[in-house]
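*Asks:* Handing you this structure, nothing more for now.
There are 2 protein chains.
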Amino acid sequence: MRLVTHAHPSGDRAAAVVASSDGDRLVDLDGLSLVEILQDETALAAARLRVEHAAGSPETLPRLSDTRLLPPVRPGKILCLGYNYRGHVAEGADPTADDPAFPDVFVKTPNVVNAPGDPVVLPVASTNVDYEGEIAVVIGRRAHRVPLVSALDYVAGYALFNDVSDRDWQGRSSQWELGKCFDGFGPLGPELITADEIPDPQDLLLEVERDGVVTVSQSTATMIFPMAFIVHYLSQVMTLEPGDIISTGTPQKLPQALNDHRPLGPGDAVTIRVAGLGELTTTFTAPTDTERTPA
Amino acid sequence: MRLVTHAHPSGDRAAAVVASSDGDRLVDLDGLSLVEILQDETALAAARLRVEHAAGSPETLPRLSDTRLLPPVRPGKILCLGYNYRGHVAEGADPTADDPAFPDVFVKTPNVVNAPGDPVVLPVASTNVDYEGEIAVVIGRRAHRVPLVSALDYVAGYALFNDVSDRDWQGRSSQWELGKCFDGFGPLGPELITADEIPDPQDLLLEVERDGVVTVSQSTATMIFPMAFIVHYLSQVMTLEPGDIISTGTPQKLPQALNDHRPLGPGDAVTIRVAGLGELTTTFTAPTDTERTPA
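The listed protein sequences derive, respectively, from chains A and B.
Using the numbering used here, read the first sequence as starting at 1 and increasing by one per residue.
Using the numbering used here, read the second sequence as starting at 1001 and increasing by one per residue.
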């Protein structure tokens, strides 16, 4: 299923998305939140039935394009991986030669989460903003010390995530968090795609486009720590809760994009695209005059 | 005021603590949560009136010792400082010589928060657990780009915090988070002391005792980045919300304690003590048999 959360006069609503001949439509899901549905087998089964039923005559349903999408979930924990895609190596070289022994994990705070259609307002204090196109794993069931073989059973689905980062703040001290935790530095969505739609999460092509130029293009097959391992590993340390997300790292930019890179400025746009997971486009805008007043 | 959150048959309750001739007593605060009270001037004033009134004849009130204390707040964000107390320097040397240019900030996830009287269960995966006795600033009002001069106006009060850390996991990668984010690795409390009770937060003696031996004893006067600066600085990056906490770092262990240090094991106890903020004692226990099953 394709699942979203959207703004509604009566409060945030979860919905499923079904295609119709003239654009996507919304199937309402009983006023439960997406996190409530994901962790409840009965609610999930009811949602599937409703989607099947609606798929027969979707034309009477509300249009997806008429609503404002919100982040599909509001994660209590946002765990992120540093270096987790192998770089390009010369022919014949061992691609695993530079693999670290353990994942490098950091945390983004909940204030970063940004609605998928909303711009990221460049903070007044920011000086060197960059993007990182990533696939986020969304936890569906509480996971505490889960075995590797069943780790993906705890994953409700996947969403796209832009790990927006201020490189100057990130480099001010040994820990990266302040460069990672500016308000809005985590566009998430637009949809949560349930895990059953993704036969092999380690066989997805992740592409990022900046201002119309492809800057990242690499398969999840080149991940150092696959998603199942990450869930297993993190669950040894912390209990993962429904709605928590783990963003699984970004591949390196392509050589030309690395060479041409300049910090994001007002008017720039970044699109993350993965077949089956849709695409997430984020525009970057200047701070308002109110924001510019001295602090 | 001395404020607590405690377990009650009808749900978590906020209360103020008043001294009586035979021990501390609880003054109930209308069923609001502590975070609701802290950000509402009227509720805060009403609480103060109630405490004044109760102080006249506290003997009829419920005893603090009869209830189970919970963490005073459930922070959405737990921001922590690395190295933030100056070390001991030779006579005549400049104590600021090793000051970093910027605070080193990392994040603990909400699963770490532990009730002040509860033991920390040593995780099965942990191998080298240490304590860090700290003073946590509790945010009372939403803080976004607040000036340095008024930064403490956004602080509701102070609590004690043990930044429990697994040194092996902390050292596995460049980012410390996994060593910091085990379930329960953040005992908080026992009380939130409102800011008006603390005339100068940069003049507090922080002491830590491990198994009866004082291992840390240093004044907040030796902080590199004072609390007002930290609130100001962080608010340039992220909007701080009522109930968020900023743990302001730990002083280095005394030379003998550094020398004698061994990882915490079952039965060990750590007490953090600051005059005016009370004391927080945490015992460490072995994992249960259920926890020991392979994962």
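Even for Gly, the Cβ is constructed at its ideal location relative to N, Cα and C.
These numbers come from a predicted model, not from an experiment.
Give the secondary structure of TYR1233 (chain B) by DSSP, where H, G and I count as helix, E and B as strand, and everything else as coil.
*Replies:* For the purposes of this step, residue 1233 (chain B) is taken as the residue at position 233 of the second sequence. Three-state DSSP puts TYR1233 (chain B) in a helix.
*Asks:* Going by other Cβ atoms of all chains shown within 10 Å of its Cβ, with 16 needed for buried, is HIS1006 (chain B) buried or exposed?
*Replies:* Within the second sequence, the letter at position 6 stands for residue 1006 (chain B). With 16 or more Cβ atoms within 10 Å of its Cβ, HIS1006 (chain B) is classed as buried.
*Asks:* Return yes when the Cβ of ASN162 (chain A) is within less than 8 Å of the Cβ of GLY133 (chain A), no when it is not.
*Replies:* Taking the first sequence and counting its residues from 1, the one referred to as residue 133 (chain A) is at position 133. Taking the first sequence and counting its residues from 1, the one referred to as residue 162 (chain A) is at position 162. In contact: GLY133 (chain A) and ASN162 (chain A) (Cβ atoms closer than 8 Å).
*Asks:* Using DSSP with H/G/I as helix, E/B as strand and the rest coil, what is THR1250 (chain B)?
*Replies:* For the purposes of this step, residue 1250 (chain B) is identified with residue 250 of the second sequence, where counting begins at 1. Of the three classes helix, strand and coil, the one that applies to THR1250 (chain B) here is coil, per DSSP.
*Asks:* By the DSSP assignment, the beta strand (DSSP E) with GLU1209 (chain B) in it spans what residues?
*Replies:* As a first step, residue 1209 (chain B) is located in the second sequence; it is residue number 209 there, counting from the start. Start and end: 1205-1210.
*Asks:* Decide if PHE102 (chain A) is buried, meaning its Cβ has at least 16 other Cβ atoms within 10 Å, or exposed.
*Replies:* For this step, residue 102 (chain A) is matched to residue 102 along the first sequence. By the 10 Å Cβ count, PHE102 (chain A) comes out exposed.
*Asks:* If you measure from the beta carbon of GLU1177 (chain B) to each beta carbon in chain A, is any gap under 8 Å?
*Replies:* In the second sequence, the residue the question calls residue 1177 (chain B) occupies position 177. So yes, GLU1177 (chain B) belongs to the interface.
*Asks:* Using the three-state DSSP reduction, which class does ALA1101 (chain B) fall into: helix, strand or coil?
*Replies:* Taking the first residue of the second sequence as position 1, residue 1101 (chain B) is located at position 101. Three-state result, ALA1101 (chain B): coil.
*Asks:* If we count the other Cβ atoms within 10 Å of its Cβ and call it buried at 16 or more, is LEU64 (chain A) buried or exposed?
*Replies:* On the first sequence, position 64 is the one that residue 64 (chain A) refers to. LEU64 (chain A) comes out buried.
*Asks:* Take VAL1113 (chain B) as the anchor and find which of B:HIS1144, B:THR1042, B:ASN1128 and B:PRO1190 has the nearest alpha-carbon.
*Replies:* The residue you call residue 1113 (chain B) lines up with position 113 of the second sequence. When each option's Cα is compared against that of VAL1113 (chain B), the closest is B:PRO1190.
*Asks:* With respect to the beta strand (DSSP E) encompassing HIS1006 (chain B), which residues constitute its N-terminal and C-terminal limits?
*Replies:* Translated into positions along the second sequence, residue 1006 (chain B) becomes position 6. Taken as a continuous stretch (DSSP letters only), the beta strand (DSSP E) holding HIS1006 (chain B) covers 1002-1006.
*Asks:* Give me the Cα-Cα distance between THR1282 (chain B) and SER1165 (chain B), rounded to the nearest whole angstrom.
*Replies:* Locating residue 1282 (chain B) in the second sequence gives position 282, counting from the first residue. Locating residue 1165 (chain B) in the second sequence gives position 165, counting from the first residue. Roughly 14 Å separates the two Cα atoms.
*Asks:* Under a CB-based cut-off of 8 Å, is SER1174 (chain B) close to chain C?
*Replies:* Judged by its chain identifiers, the structure shown contains no chain C, and its protein chains are A and B.
*Asks:* What residues in the segment 99-120 of chain A have a beta carbon less than 9 Å from any beta carbon of chain B?
*Replies:* Against chain B - using a Cβ distance shorter than 9 Å - the residues of the segment 99-120 of chain A are PRO100, ALA101, PHE102, PRO103, ASP104, VAL105, PHE106, VAL107, LYS108, THR109, PRO110, ASN111 and VAL112.
*Asks:* Roughly how many whole angstroms lie between the Cα atoms of SER1174 (chain B) and LEU1122 (chain B)?
*Replies:* Reading the second sequence from its first residue, position 174 is the one you call residue 1174 (chain B). Reading the second sequence from its first residue, position 122 is the one you call residue 1122 (chain B). Going from the Cα of SER1174 (chain B) to the Cα of LEU1122 (chain B) covers about 23 Å.
*Asks:* By DSSP, does LYS77 (chain A) sit in helix, in strand, or in coil?
*Replies:* As a position in the first sequence, residue 77 (chain A) is number 77, starting the count at 1. Residue state, collapsed to three classes: coil.
*Asks:* Using Cβ-Cβ distances below 7 Å, what residues of the segment 1233-1244 of chain B are close to chain A?
*Replies:* The residues in question are GLN1236, VAL1237, MET1238 and THR1239.
*Asks:* Considering only C-alpha positions, which residue in the set B:LEU1029, B:GLU1091, B:SER1020 and B:GLU1052 is nearest to THR1060 (chain B)?
*Replies:* Working through the second sequence from its first residue, we reach residue 1060 (chain B) at position 60. Here the closest residue by C-alpha is B:SER1020.
*Asks:* Note down, in chain order, every chain A residue with its Cβ under 9 Å from the Cβ of ASP1183 (chain B).
*Replies:* In the second sequence, counting from the first residue as 1, residue 1183 (chain B) sits at position 183. Result: HIS144, VAL237, MET238 and THR239.
*Asks:* According to a CB-to-CB cut-off of less than 9 Å, which residues of the segment 45-57 of chain A neighbour chain B?
*Replies:* So the list is empty, because no residue satisfies the distance condition.
*Asks:* Does the distance from the C-beta atom of LEU34 (chain A) to that of LEU192 (chain A) stay below 8 Å?
*Replies:* The count along the first sequence starts at 1 and reaches residue 34 (chain A) at position 34. The count along the first sequence starts at 1 and reaches residue 192 (chain A) at position 192. Contact flag set, yes.
*Asks:* Might you give, ordered along the chain, the residues of its own chain that have their beta carbon closer than 6 Å to the beta carbon of LEU49 (chain A), omitting 5 neighbours on each side?
*Replies:* Against the first sequence, residue 49 (chain A) aligns to sequence position 49. Contacts found: none.
*Asks:* Counting contacts by CB-CB distance shorter than 8 Å, is ALA228 (chain A) in contact with chain B?
*Replies:* On the first sequence, position 228 is the one that residue 228 (chain A) refers to. Not closer than 8 Å to any Cβ of chain B, the Cβ of ALA228 (chain A) fails to qualify, so no.
*Asks:* Residues in its own chain within less than 8 Å of SER235 (chain A) by CB, not counting five upstream and five downstream?
*Replies:* Locating residue 235 (chain A) in the first sequence gives position 235, counting from the first residue. So the qualifying residues of the chain are ALA143, HIS144, ARG145, VAL146, ALA151 and TYR154.
*Asks:* Assign PRO242 (chain A) to one of two classes, buried (16 or more other C-beta atoms within 10 Å of its C-beta) or exposed (fewer than that).
*Replies:* Here residue 242 (chain A) refers to the residue found at position 242 of the first sequence. By the 10 Å Cβ count, PRO242 (chain A) comes out buried.
*Asks:* Roughly how far, in whole angstroms, is the beta-carbon of VAL313 (chain A) from the beta-carbon of ALA156 (chain A), given that I think they are within contact range, below 8 Å?
*Replies:* The requested residue 313 (chain A) is not part of the displayed model; chain A covers only 1 to 295.
*Asks:* Short of 8 Å in beta carbon distance, which residues of its chain neighbour CYS1080 (chain B), apart from the five on each side in sequence? Order them along the chain.
*Replies:* Indexing the second sequence from 1 puts residue 1080 (chain B) at position 80. Here the set comprises VAL1105, PHE1106, VAL1107, LYS1108, GLU1134, ASP1163, LYS1180, ILE1246, SER1247 and GLY1249.
*Asks:* Which residues in chain A have a C-beta closer than 9 Å to the C-beta of ALA1125 (chain B)? List them in chain order.
*Replies:* Counting from 1 along the second sequence, the entry for residue 1125 (chain B) is found at position 125. Simply ARG145, GLN236 and VAL237.
*Asks:* Quick check on this structure: which residue in B:GLU1041, B:ASP1022, B:ARG1068 and B:GLY1056 has the alpha carbon closest to the alpha carbon of ALA1015 (chain B)?
*Replies:* Here residue 1015 (chain B) refers to the residue found at position 15 when the second sequence is read from its first residue. If we check each option's Cα against that of ALA1015 (chain B), B:ARG1068 comes out closest.
*Asks:* The alpha helix (DSSP H) that contains ASP168 (chain A), what's its start and end?
*Replies:* Along the first sequence, one-based indexing puts residue 168 (chain A) at 168. Per DSSP, ASP168 (chain A) belongs to the alpha helix (DSSP H) from 167-170.
*Asks:* Which chain A residues are close to LYS1077 (chain B), counting only those with a beta carbon under 9 Å from its beta carbon?
*Replies:* Sequence index remark: in the second sequence, residue 1077 (chain B) carries index 77 (1-based). Those are THR109, PRO110, ASN111 and CYS181, listed as they occur along chain A.
*Asks:* Return the CA-CA distance between ASP1028 (chain B) and LEU1205 (chain B), expressed in angstroms with no decimal places.
*Replies:* Walking along the second sequence from the start, residue 1028 (chain B) turns up at place 28. Walking along the second sequence from the start, residue 1205 (chain B) turns up at place 205. Cα to Cα, the separation comes out at about 31 Å.
*Asks:* Specify the secondary structure class of GLY179 (chain A) as computed by DSSP and reduced to three states.
*Replies:* Looking up residue 179 (chain A) in the first sequence gives position 179. Correct three-state label for GLY179 (chain A): helix.
*Asks:* Rounded to a whole number of angstroms, what is the C-alpha to C-alpha distance between VAL124 (chain A) and ALA1228 (chain B)?
*Replies:* Taking the first sequence and counting its residues from 1, the one referred to as residue 124 (chain A) is at position 124. Taking the second sequence and counting its residues from 1, the one referred to as residue 1228 (chain B) is at position 228. Distance between the alpha carbons of VAL124 (chain A) and ALA1228 (chain B): 20 Å.
*Asks:* Rounded to the nearest angstrom, what separates ASP94 (chain A) and SER1217 (chain B) at their Cα positions?
*Replies:* The residue you call residue 94 (chain A) lines up with position 94 of the first sequence. The residue you call residue 1217 (chain B) lines up with position 217 of the second sequence. Near 52 Å, if we compare the C-alpha coordinates of SER1217 (chain B) and ASP94 (chain A).
*Asks:* In the DSSP assignment, find the beta strand (DSSP E) that holds ALA269 (chain A) and state where it starts and stops.
*Replies:* Along the first sequence, read from residue 1 onward, the residue named residue 269 (chain A) stands at position 269. Where ALA269 (chain A) is concerned, the enclosing beta strand (DSSP E) stretches over 269-274.
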